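*Asks:*
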Amino acid sequence: MWKSFSLIFFLLGLAALGWAQAAQSPQALMDDAIAKQRAGDFPGAAKQYRSLLKLHPEVAAIHSNLGASLAGMGLFEDAIHEYKIALNRMPGLPGLRLNLALAYYKTGRIAEAVEELIRVRQRDPDNSQATLLLADCHFRMGQNKDVIRILQPEEAKHPDDLAIAYLLGTALIRDDKPAEGQVLVDKILRNGDSAEAHLMLGTAKIQAADFAGARDELAKALALNSSLPGAHVLYAHALQVTSSPEEAMKEFQAELAIDPYNFDSNLQIGAMLRKEQKYDEAKPYLMRALATRPGDLAVRYQLAAIALSEGKVDEARRELESIVKESPGFTEAHVTLSMAYFRLKRPEDGNREKGIVEKLTAEAQAKQPGVKAQ
Amino acid sequence: MIITRREWLWLATAFSATRLWRRQGPGLATVPLFAEVLPTSSGISWVHDNAMSENHYLPETLGPGCAFLDFDNDGWMDIFLVNSGPSDFWKPTKPVRNALYKNNRDGTFTDVTEKAGVGGAAFGMGVAVGDYDNDGWPDIFVTAYGKCTLYKNNHDGTFADVTEKSGLATPGWTTSAVWFDYDNDGKLDLFVCSFVDYSGEHKFECGDNKIGKKYYCIPRVFRPTASFLYHNNGDGTFTEVSKGTDIAKALGKGLGVVATDVNNDGRIDLFVANDTVQNFLFMNRGPAPAVKWKWEEIALQAGVGFSESGQARSGMGVDASDLDNDGWQDLFVANVDHEMFSVYENNKDETFHDSAQQHGVAQATRLLSGWGLKYFDYDNDGAIDLILANGHPDDMIDGYSMQVKYKEPLLLFHQGEDHKLHNVSEQAGPAFQRYFPARGLAVGDFDNDGAIDILIGNNGGAPLLLKNQAAKGNNWLGIHLEGVRSNRDAIGAKIVWIAGGKKRSHFKSNGGSYLSSHDPREVLGIGNTAKIDELEIHWPGPSKQVDKLTNLPINRYIRIIEGKGIVG
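Line by line, the protein sequences give chains A and B. For the first sequence, this note's numbering assigns the number 1 to the initial residue and increments by one for each residue that follows. For the second sequence, this note's numbering assigns the number 375 to the initial residue and increments by one for each residue that follows.
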C-alpha cells in the first residue's frame, strides 16, 4: 500500500520537471534537486528546493516538491506546511492534496487526513489509493461502518485485491458481522497461509472474547510478518487478558514502533501508565491518541483523571463536564466529576453527580438477569 | 520431583535470609516466619463443607469465617469455625456443623462444640464475637444464608441460642458482621453486612448451555440489598435502627466491614466492602432529630468507593489501622483478580488516597482475589504489617485463565524502615509456598507467646493454623482492656504508648478481614527497646476517661480495667 503512495511523490517530481524545463537560470538547480529526490537524497533535494524558492517563492510546485522531500525525511509537520502553501497557490496541482492527506495520516492527524481524502475522492472518485487510505483512516478512528460503506463497492470492483479484502473483512468482524467477514477471511486463506489471514482470525476471536484463541492466531500472524500493522496491538489485547500487563505493554510498544500513531496502543499504554500513577509518562501517549481521534471520550477521560490526580481539579472539572454533556451515560466520568466537585468544595454539584451515578448504576443493575429472574 | 519457582525461592532464601528470619539457639538453624500447625498436631480435624453442587449455587463459594475467642475466660484463645448447613438449596446427607475448639494450653485443641451447643443449623457464613451484655463473657453471632444466630455465653462452657429473643434473626444472606458502640452508651451495637437478594424458590443459575456446565454467577447479576444496624437496648434485645438512614438507602452487596474512627471525632464509623458495586463509608455524624442518629455515606467523595478509573470493583476483605503511625486510621480493601487491592491512606480530611502502587501491593495482588486480611505487627517491631488470604471464587477458573487459579497463595507484607510494605512471602515459610481456597482469616495469639498467630478458613477444606515464629527477640506487652462505663470489650479505645523515645498509638477498631473475628487483646510491639515508659488508655464514651500507666512489665499479658489500671 505504501509503495503506491510513493508513486505520487514521483509524479509530483515529474510535474515539477515540466516547469523547471521552462525556466532558464534555475534549470540546473531543479534538475539536480529532482535527481537527488529520485536517488533518495531527500536532505540534498530539500536544500536545492529551498534555494529555488529563494528565487521563485511563488511557484507552488517547488513548495510541493519540497514538501515531498521533507516527508521523505520524516519531517511531516514541515511537509504539511509546504503542502499547504502549495495548495493555497495551486489547489489543482495533481497529487498534492493526496500527499497532504498522507502527511496528516503519518502524523496521526487522521481527522484532517479524512477531510482531504474526501476532497480528493470528490474530484477523482476512482482514485483507488485515496479510497483505500480513506478507508484505513476510518478504520483507525473505529468507524467500521464507514469502512464498510467505502470498501464494499470497491471489493465488488476488485474482488482479487487482498488489501481491500483484508481491511473490509476486519471492519465487518469488528462491526459484529462475523459471517460476512468470514467470507473475506476465506478469500485470503485461499491464497495460502498469510499473516493477514491470521490477523483477521485473531480479530474475530477477540470479538468473540476467545482471547486464548486470538493470542494463538496473532502469534502466528506475527511469526509470518512481525511488521504487519495492527497485529501487535491485537496481540497485546489478547495478552492483557491471558498474560501479564508487562507482556501486553511490550506488544503495544512494538505496534508503536511500526505505527507511532496507533490509537489503541497509545490509549492503552497511557491508561496503563496512569494506573501505575506515572502521569508524566502517560500524557504523551494519550495526547498522541487524541491527535489520532480528536475528541475521543475515553482518551479525554484518562487525561481528565490524570489532571484530577495531579491536583489540577478545575481543569479536570471542565473536561469532565464536557465529557458527561456529550455522553450522559458515562458512569465513570460522573464518578470522577463528582469527586472533582467535592474537592472544589461544591457539595451540591458533587451530590447531584453522585445521584446520577446511583441512577445509572440502578439502571444497569435492573438489566441484570438475576434481577429479571426474580 | 518438580520444584516450583516459589518453592525454589523459599529453599534458596532459607540459606541466606537472616534479616527476616530469627535464629534459634546457638546453631545455624533458621525458622520460617510462620509455621503450619498440622491438624495431627493441633487436634483440629474439622473440615469445611462448601456444599458444592453441579448447580453452583453462589453461597457455596463464600464461606467460611473463623474466629479466635476466649469463650471460657481462661486466658487462652479458643477457636470457632463456621460451616455450611441446611438451606433451601441444600439438604446435607451427612451431619454438618460449626466447630468450637477449646485451647488445651499446650498447642492442642479439643472439640467442645456439642457441649457448647454452637453447632448451628443454617448455611453459616461468618462470625462476630463480642460481649454484648457486658457480663465479661464473649458471645457469638453467626451470619448465614438463611438466618443469623446469636449465641449467649452461659459462663459454663455452654451457650444459649437467644436469636429470637434478641431480635437479631436477620433474614436474607448476611456475611460479615461487627460489634461496636456507635452511640457511646457503653453497650455494643451490631452492624450486619447483607449480600445480594438470592431469595425465591428458583435460584438463578449461570452456565454455558453449549457445554451444559453451570458456573458461579458473578454477583453483578443479582439485586443489591441494604445492610442492617442494630442498637443494643441493654436488656438483651436489639432494635434495627438503620431505617431512614444512609445505611438503609445504600443498596450494596456487602462482604467485609470494619468499624473504626476515620476522622478522629470519637464516634466509630463503618467501612463496608461491596462486591461489584461501590464500597460504602458510613460516617457516624451523631444524634440527629429526624432519624435519631445520622449516618452519612461518603465513599465516593472520600475516594474509597470506586477505583481510580471511576469503576466499582469487587470488594471483599477490608481492614483499618494506622499504617503510617500518624494518628489517623488508614483502610485496606481486597478485590478480585485484575482489579488489584487498595491501600487507602488517610488524608486527615475525610478523604483518602490509594498508595497500593507505592507499597507494591497493587503489583503483588494483580492476579489474586482477596478475602481475609489483617493489618497487624507480626514481628513486634512496632510497625504495622499485613497478611492477605486469597482464592478465586470460581472453581472453574483454571480452565479458562492461563494465569488466575482457583487456589491462590497467601501474601505477607512487612513494613520496612522506609515505611513501605514489602512482600516477604517468599521468606514466610512453607505455607506461603502453597495454594489455598482461602476465605476467612483471624489473628490471635493462641500460645500466649506475644507473637500473633493466624487462622485461615478454607472453602471446602481444612482450616490453616499458622504459628508465628517471627517475633522472637523483640519485646512486647499484651494488654486485655476491660471497659467499665464504656463497653466491656473496649471497642473504640485508643492506646498510646511511648517506648525508646518513640510514641505510637493504636485505635481499637473491630471487625476487619472477612467473615471473621480476632483475638480481643492487643499486643504492643516495642522492638529491642527494654521498657515501655508510658501507656495511656483513652477509653471510649460514655466515660471518655484517660488512664495513664507507668512501671509496666514487658513480654507478658496484663489486664487493664477502666479507671482501675492494671489488675493482673
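The C-beta atom is built at its ideal place from N, Cα and C for all residues, glycine as well. Quick caveat: nothing in here was measured; it's all calculated off a predicted structure.
Please tell me whether residue 117 (chain A) and residue 103 (chain A) are closer than 8 Å, where the distance is taken between their beta carbons.
*Replies:* Position 117 of the first sequence, counted from the first residue, corresponds to residue 117 (chain A). Position 103 of the first sequence, counted from the first residue, corresponds to residue 103 (chain A). Cβ atoms of residue 117 (chain A) and residue 103 (chain A): not closer than 8 Å.
*Asks:* Taking CB distances under 8 Å as the criterion, tell me whether residue 268 (chain A) reaches chain B.
*Replies:* If you number the first sequence from 1, residue 268 (chain A) lands on position 268. Answer no: the Cβ-Cβ gap between residue 268 (chain A) and chain B never drops below 8 Å.
*Asks:* What first and last residue would you give for the beta strand (DSSP E) that runs through residue 708 (chain B)?
*Replies:* The sequence position of residue 708 (chain B) within the second sequence is 334, counting from 1. Residue 708 (chain B) -> no beta strand (DSSP E), and no H or E assigned at all.
*Asks:* Output, in sequence order along the chain, the residues in the stretch 321 to 333 of chain A whose CB is closer than 8 Å to any CB in chain B.
*Replies:* Answer set for the stretch 321 to 333 of chain A: 331, 332, 333.
*Asks:* For chain A, find out if any of its Cβ atoms is closer than 8 Å to the Cβ of residue 890 (chain B); answer yes or no.
*Replies:* Working through the second sequence from its first residue, we reach residue 890 (chain B) at position 516. Answer no: the Cβ-Cβ gap between residue 890 (chain B) and chain A never drops below 8 Å.
*Asks:* If we count Cβ pairs, one from each stretch, closer than 8 Å, do we get three or more for the stretch 845 to 863 of chain B versus the stretch 908 to 923 of chain B?
*Replies:* Yes: at least three Cβ pairs fall under 8 Å.
*Asks:* Kindly indicate which three-state DSSP category residue 287 (chain A) falls into: helix, strand or coil?
*Replies:* As a position in the first sequence, residue 287 (chain A) is number 287, starting the count at 1. If DSSP states are grouped into helix, strand and coil, residue 287 (chain A) belongs with the helices.
*Asks:* According to DSSP, simplified to helix, strand and coil, what is residue 324 (chain A)?
*Replies:* Start at 1 with the first residue of the first sequence, and residue 324 (chain A) comes out as number 324. DSSP places residue 324 (chain A) in helix when its eight states are reduced to three.
*Asks:* In whole angstroms, give me the CA-to-CA distance for residue 128 (chain A) and residue 56 (chain A).
*Replies:* Position 128 of the first sequence, counted from the first residue, corresponds to residue 128 (chain A). Position 56 of the first sequence, counted from the first residue, corresponds to residue 56 (chain A). C-alpha separation (whole angstroms): 34 Å.
*Asks:* Once the 5 residues before and after residue 572 (chain B) are set aside, which same chain residues still bring their CB inside 6 Å of it?
*Replies:* Within the second sequence, the letter at position 198 stands for residue 572 (chain B). So the list reads 547, once near-sequence residues are dropped.
*Asks:* Quick one: give me the first and last residue of the beta strand (DSSP E) that residue 716 (chain B) is part of.
*Replies:* Working through the second sequence from its first residue, we reach residue 716 (chain B) at position 342. From DSSP, the beta strand (DSSP E) with residue 716 (chain B) extends over 716 to 720.
*Asks:* Kindly indicate if chain B contains any beta-carbon less than 8 Å away from that of residue 277 (chain A).
*Replies:* Your numbering for residue 277 (chain A) matches position 277 in the first sequence. Yes - at least one Cβ of chain B is within 8 Å of the one on residue 277 (chain A).
*Asks:* For the beta strand (DSSP E) containing residue 661 (chain B), list its first residue and its last residue.
*Replies:* Counted from its first residue, the second sequence places residue 661 (chain B) at position 287. First-last of the beta strand (DSSP E) with residue 661 (chain B): 654 to 662.
*Asks:* Compute the Euclidean distance between the alpha carbons of residue 396 (chain B) and residue 683 (chain B), then round it to the nearest angstrom.
*Replies:* What you label residue 396 (chain B) is simply residue 22 of the second sequence in a count that begins at 1. What you label residue 683 (chain B) is simply residue 309 of the second sequence in a count that begins at 1. In this prediction, residue 396 (chain B) scores a pLDDT of 38, lower than 50, which makes its location untrustworthy; the coordinate-derived value is nonetheless stated afterwards. Roughly 42 Å separates the two Cα atoms.
*Asks:* DSSP three-state call for residue 6 (chain A): helix, strand or coil?
*Replies:* Position 6 of the first sequence holds residue 6 (chain A). For residue 6 (chain A), the pLDDT reaches just 34, beneath the cut-off of 50, and the residue's location in the model is therefore unreliable, although a value from the coordinates is still provided. Residue 6 (chain A): helix per DSSP, three-state reduction.
*Asks:* To the nearest angstrom, how far is the alpha carbon of residue 287 (chain A) from that of residue 272 (chain A)?
*Replies:* In the first sequence, residue 287 (chain A) corresponds to position 287, counting from 1. In the first sequence, residue 272 (chain A) corresponds to position 272, counting from 1. For residue 287 (chain A) and residue 272 (chain A), the distance between alpha carbons rounds to 14 Å.
*Asks:* Strictly below 7 Å CB to CB, what residues from chain B border residue 354 (chain A)?
*Replies:* Stepping through the first sequence from its first residue, residue 354 (chain A) is reached at position 354. Within chain B, the residues near residue 354 (chain A) are 674.
*Asks:* Quick check: what's the CA-CA separation for residue 545 (chain B) versus residue 567 (chain B)?
*Replies:* Here residue 545 (chain B) corresponds to residue number 171 of the second sequence, with the count starting at 1. Here residue 567 (chain B) corresponds to residue number 193 of the second sequence, with the count starting at 1. Distance between the alpha carbons of residue 545 (chain B) and residue 567 (chain B): 11 Å.
*Asks:* Whose Cβ in chain A lies nearer than 9 Å to the Cβ of residue 651 (chain B)?
*Replies:* The sequence position of residue 651 (chain B) within the second sequence is 277, counting from 1. Within chain A, the residues near residue 651 (chain B) are 361, 365.
*Asks:* Let me confirm a value: residue 627 (chain B) is counted as buried when at least 16 other C-beta atoms fall within 10 Å, else exposed. Which label applies?
*Replies:* As a first step, residue 627 (chain B) must be located in the second sequence, where it is residue number 253. Under this definition residue 627 (chain B) is a buried residue.
*Asks:* By alpha-carbon positions, which one of B:469, B:542, B:557 ends up nearest to residue 865 (chain B)?
*Replies:* As a working note, residue 865 (chain B) is residue 491 in the second sequence. Of the candidates B:469, B:542, B:557, the one whose C-alpha sits nearest the C-alpha of residue 865 (chain B) is B:557.
*Asks:* Any chance the stretch 629 to 637 of chain B sits against the stretch 611 to 620 of chain B, with 3 or more Cβ pairs inside 8 Å?
*Replies:* No, the stretch 629 to 637 of chain B does not touch the stretch 611 to 620 of chain B.
*Asks:* Shorter than 8 Å from the beta carbon of residue 342 (chain A) to some beta carbon of chain B?
*Replies:* For the purposes of this step, residue 342 (chain A) is identified with residue 342 of the first sequence, where counting begins at 1. Yes, contact with chain B.
*Asks:* Quick check: is the beta carbon of residue 265 (chain A) nearer than 8 Å to any beta carbon in chain B?
*Replies:* By 1-based counting over the first sequence, the position of residue 265 (chain A) is 265. No, its Cβ sits nowhere closer than 8 Å to a Cβ of chain B.
*Asks:* For residue 852 (chain B), which three-state DSSP category applies?
*Replies:* What you label residue 852 (chain B) is simply residue 478 of the second sequence in a count that begins at 1. In this structure, residue 852 (chain B) counts as strand in the three-state DSSP scheme.
*Asks:* Do residue 827 (chain B) and residue 749 (chain B) have their C-beta atoms closer together than 8 Å?
*Replies:* For the purposes of this step, residue 827 (chain B) is identified with residue 453 of the second sequence, where counting begins at 1. For the purposes of this step, residue 749 (chain B) is identified with residue 375 of the second sequence, where counting begins at 1. Their beta carbons are not under 8 Å apart, which means residue 827 (chain B) does not touch residue 749 (chain B) by this criterion.
*Asks:* Going residue by residue through the stretch 520 to 561 of chain B, where are the continuous alpha helix (DSSP H) segments of at least 4 residues, counting only ones entirely within it?
*Replies:* Runs of the alpha helix (DSSP H) inside the stretch 520 to 561 of chain B: 537 to 540.
*Asks:* Mind pulling the chain A residues with CB within less than 8 Å of residue 677 (chain B)?
*Replies:* If you number the second sequence from 1, residue 677 (chain B) lands on position 303. Result: 339.
*Asks:* Where residue 147 (chain A) and residue 352 (chain A) are concerned, what is the direct C-alpha to C-alpha distance, given to the nearest angstrom?
*Replies:* Along the first sequence, one-based indexing puts residue 147 (chain A) at 147. Along the first sequence, one-based indexing puts residue 352 (chain A) at 352. Distance between the alpha carbons of residue 147 (chain A) and residue 352 (chain A): 40 Å.
*Asks:* Spatial neighbours of residue 580 (chain B) within its chain, please: C-beta separation below 8 Å, excluding the five flanking residues on both sides.
*Replies:* If you number the second sequence from 1, residue 580 (chain B) lands on position 206. Closer than 8 Å at Cβ, skipping near neighbours: 430, 588, 589, 590, 591, 592, 595.
*Asks:* If you measure from the beta carbon of residue 687 (chain B) to each beta carbon in chain A, is any gap under 8 Å?
*Replies:* The residue labelled residue 687 (chain B) in the question sits at position 313 within the second sequence. No - not a single Cβ of chain A is within 8 Å of the one on residue 687 (chain B).
*Asks:* Would residue 219 (chain A) count as contacting chain B if we go by Cβ distances under 8 Å?
*Replies:* Translated into the one-based positions of the first sequence, residue 219 (chain A) becomes position 219. It does not: the Cβ of residue 219 (chain A) has no partner Cβ on chain B nearer than 8 Å.
*Asks:* With a threshold of 16 other CB atoms inside 10 Å of the CB of residue 811 (chain B), please say whether the residue is buried or exposed.
*Replies:* One-based indexing of the second sequence puts residue 811 (chain B) at position 437. Per the 10 Å Cβ criterion, buried.
*Asks:* Between which residues of its own chain and residue 254 (chain A) is the CB-CB distance below 6 Å, once the five residues before and five after are set aside?
*Replies:* The sequence position of residue 254 (chain A) within the first sequence is 254, counting from 1. These residues qualify, in order along the chain: 232.
*Asks:* According to DSSP, which residues form a beta bridge with residue 826 (chain B)?
*Replies:* Along the second sequence, one-based indexing puts residue 826 (chain B) at 452. BP columns for residue 826 (chain B) are empty, so no partner.
*Asks:* Using the DSSP secondary-structure output, state which residues sit across from residue 761 (chain B) in a beta bridge.
*Replies:* The residue given as residue 761 (chain B) occupies position 387 in the second sequence. In the DSSP output, where bridge partners are listed per residue, residue 761 (chain B) has B:748, B:786.
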